[in-house]
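In this note's numbering, the protein residues as written are 616 to 939.
Written as structure tokens, this is what we have:
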């Protein structure tokens, strides 16, 4: 099976060949601009890896890979609008660069373009892909709404958070794996195992993002450490700290939550020290490892050679061990 770097290069070349153009240019050029910003391309590469795992060629998974990458971009464009984010990967977000109305239409058009790639498959395969993709797209929207609901909710449990990230993040990786399995002709049992690999990898991926936001070196990440803490974002680390904190520290946490003006560095230092002292930092690392192990176990049940699975294992380990 082809390794990640080669598939990344192959997919990037496909993106370049499939440049997005149309009339009016004021609608289509922002889409191409956003695609060109870049990214890890994990989801499309998982489609192609999964297709290869079950006997197809990476090229056979390419159209589904393009579809899932465009869907991911659609979700990011709208996320940036909802979050009023000025930057995405160091570049201006579309609503900042082109205005809110264009950004909304650009996101909508990106979603439609994603669907068009499924038309390139035989009817039976396309129908199976549509079913998985549609269920996933709705789940991602549900997860995003729950994430926004959290902003005004007082009592949020770790279980509620885990369900939110499963929908908002993990199911898209599950979808990528299952679509590749469908293209490779896998039966329902093997599709389910591939999907589970994506889900567990996605959960580990999101928890790692939360962890790195709090504890990564700013020299490596190139961004302010503790952005989630500064914004009172309800991550696993934050919620678990509130569950474990004693009455005195819980009162201090609530004080920080209510402050409108504060020293960001002091706030981050307070929370990261408490997360470490209460064992939440180590607990988070343990969960990341647990979800990664569950992902590996799901692939263990797929009766395919270890050599064929190796690139997927390497990718999961790469995600687990990244520093920023």
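Where a beta carbon is used, it is the ideal one built from N, C-alpha and C, also for glycine.
By the three-class DSSP mapping on this structure, what secondary structure does residue 704 have? Here residue 704 refers to the residue found at position 89 of the chain shown. For residue 704, the three-state secondary structure derived from DSSP is coil.
Alpha carbon of residue 859 to alpha carbon of residue 866, nearest angstrom: The count along the chain shown starts at 1 and reaches residue 859 at position 244. The count along the chain shown starts at 1 and reaches residue 866 at position 251. Distance between the alpha carbons of residue 859 and residue 866 is about 13 Å.
Candidates 631, 676, 661, of which the one nearest residue 648 by Cα: What you label residue 648 is simply residue 33 of the chain shown in a count that begins at 1. Closest by alpha carbon: 631.
Looking only at C-alpha atoms, which of 719, 675, 727, 790 sits nearest to residue 635? Along the chain shown, one-based indexing puts residue 635 at 20. Out of 719, 675, 727, 790, 727 has the C-alpha closest to the C-alpha of residue 635.
Grouping DSSP H, G and I as helix and E and B as strand, with all else coil, what is residue 781? Numbered from its first residue, the chain shown carries residue 781 at position 166. DSSP places residue 781 in helix when its eight states are reduced to three.
Quick one, which of 639, 666, 645 has its alpha-carbon nearest residue 801's? As a working mapping, residue 801 is identified with position 186 in the chain shown. With distances taken between Cα atoms, residue 801 lies closest to 666.
Start-to-end residues for the alpha helix (DSSP H) that takes in residue 832: For the purposes of this step, residue 832 is identified with residue 217 of the chain shown, where counting begins at 1. Residue 832 -> no alpha helix (DSSP H), and no H or E assigned at all.
Report yes if the CB atom of residue 822 is closer than 8 Å to the CB atom of residue 899, and no otherwise. As a working note, residue 822 is residue 207 in the chain shown. As a working note, residue 899 is residue 284 in the chain shown. Yes.
Please look up how many angstroms separate the CB atoms of residue 719 and residue 755, rounded, as I've assumed it's under 8 Å. As a working mapping, residue 719 is identified with position 104 in the chain shown. As a working mapping, residue 755 is identified with position 140 in the chain shown. About 17 Å separates the two Cβ atoms, so there is no contact after all.
In this structure, how does DSSP classify residue 922 when only helix, strand and coil are distinguished? Residue mapping note: residue 922 aligns to position 307 of the chain shown, counting from 1. DSSP places residue 922 in helix when its eight states are reduced to three.
Between the Cα of residue 762 and the Cα atoms of 731, 781, 811, 670, which residue gives the shortest distance? Locating residue 762 in the chain shown gives position 147, counting from the first residue. When each option's Cα is compared against that of residue 762, the closest is 781.
Residue 673 and residue 798 - do their beta-carbons sit closer together than 8 Å? Position 183 of the chain shown, counted from the first residue, corresponds to residue 798. Position 58 of the chain shown, counted from the first residue, corresponds to residue 673. In this structure, residue 673 does not lie closer than 8 Å to residue 798 by Cβ.
Taking only three categories from DSSP, how would you classify residue 859? As a first step, residue 859 must be located in the chain shown, where it is residue number 244. In this structure, residue 859 counts as helix in the three-state DSSP scheme.
Is the number of C-beta pairs between the segment 690-710 and the segment 810-830 that are closer than 8 Å three or more? No, the segment 690-710 is not in contact with the segment 810-830.
From what residue to what residue does the alpha helix (DSSP H) around residue 658 run? Your numbering for residue 658 matches position 43 in the chain shown. Here the alpha helix (DSSP H) through residue 658 covers 657-668.
Top-ranked residue by Cα proximity to residue 855, from 841, 774, 804, 812: Here the question's residue 855 lines up with position 240 in the chain shown. Measuring from the Cα of residue 855, the nearest candidate turns out to be 774.
Alpha carbon to alpha carbon, how far is residue 868 from residue 857? Within the chain shown, residue 868 is the residue found at index 253, counting from 1. Within the chain shown, residue 857 is the residue found at index 242, counting from 1. If you take the alpha carbons of residue 868 and residue 857, they lie about 8 Å apart.
Residue 777 to residue 851 span [Cα, whole Å]: By one-based count along the chain shown, residue 777 stands at place 162. By one-based count along the chain shown, residue 851 stands at place 236. Their Cα atoms are separated by approximately 8 Å.
If you drop the 5 nearest sequence neighbours on each side, which residues of the same chain put their C-beta closer than 8 Å to that of residue 758? Here residue 758 is taken as the residue at index 143 of the chain shown, counted from 1. Closer than 8 Å at the Cβ level, and outside the excluded window around residue 758, lie 779, 780, 781, 782, 783, 784, 786.
Under 8 Å between the Cβ atoms of residue 733 and residue 790? On the chain shown, position 118 is the one that residue 733 refers to. On the chain shown, position 175 is the one that residue 790 refers to. In this structure, residue 733 lies away from residue 790, with their beta-carbon atoms at least 8 Å apart.
Hey, would you say residue 765 sits closer than 8 Å to residue 896, going by beta carbons? Indexing the chain shown from 1 puts residue 765 at position 150. Indexing the chain shown from 1 puts residue 896 at position 281. No, the Cβ-Cβ distance between residue 765 and residue 896 is not below 8 Å.
Classify residue 627 as helix, strand or coil using the three-state DSSP reduction. Counting from 1 along the chain shown, the entry for residue 627 is found at position 12. In the structure shown, residue 627 sits in a helix (DSSP, three-state: H, G or I).
Which residues mark the beginning and the end of the alpha helix (DSSP H) in which residue 901 is found? Position 286 of the chain shown, counted from the start, is the residue given in the question as residue 901. From DSSP, the alpha helix (DSSP H) with residue 901 extends over 895-915.
Quick one: is residue 831 buried, meaning 16 or more other Cβ sit within 10 Å of its Cβ, or exposed? Sequence index remark: in the chain shown, residue 831 carries index 216 (1-based). Residue 831 counts as buried, since at least 16 other C-beta atoms from the protein chains shown sit within 10 angstroms of its C-beta.
Expected contact under 8 Å - CB spacing of residue 668 and residue 923 to nearest Å: Sequence index remark: in the chain shown, residue 668 carries index 53 (1-based). Sequence index remark: in the chain shown, residue 923 carries index 308 (1-based). Between residue 668 and residue 923, the beta carbon gap of about 6 Å places them in contact (Cβ cut-off 8 Å).
Going residue by residue through the segment 719-774, where are the continuous alpha helix (DSSP H) segments of at least 4 residues, counting only ones entirely within it? 738-765, all fully within the segment 719-774.
Under a Cβ-count criterion, where at least 16 other Cβ atoms within 10 Å of its own Cβ denotes burial, should residue 925 be classed as buried or exposed? Locating residue 925 in the chain shown gives position 310, where the first residue counts as 1. With fewer than 16 other Cβ atoms inside 10 Å of its own Cβ, residue 925 counts as exposed.
Return the Cβ separation of residue 656 and residue 623 in integer angstroms, given the expectation that the two are a contact with Cβ distance under 8 Å. Residue 656 sits at position 41 when you count from the first residue of the chain shown. Residue 623 sits at position 8 when you count from the first residue of the chain shown. Approximately 6 Å separates the beta-carbon atoms of residue 656 and residue 623; this is inside 8 Å, confirming the contact.
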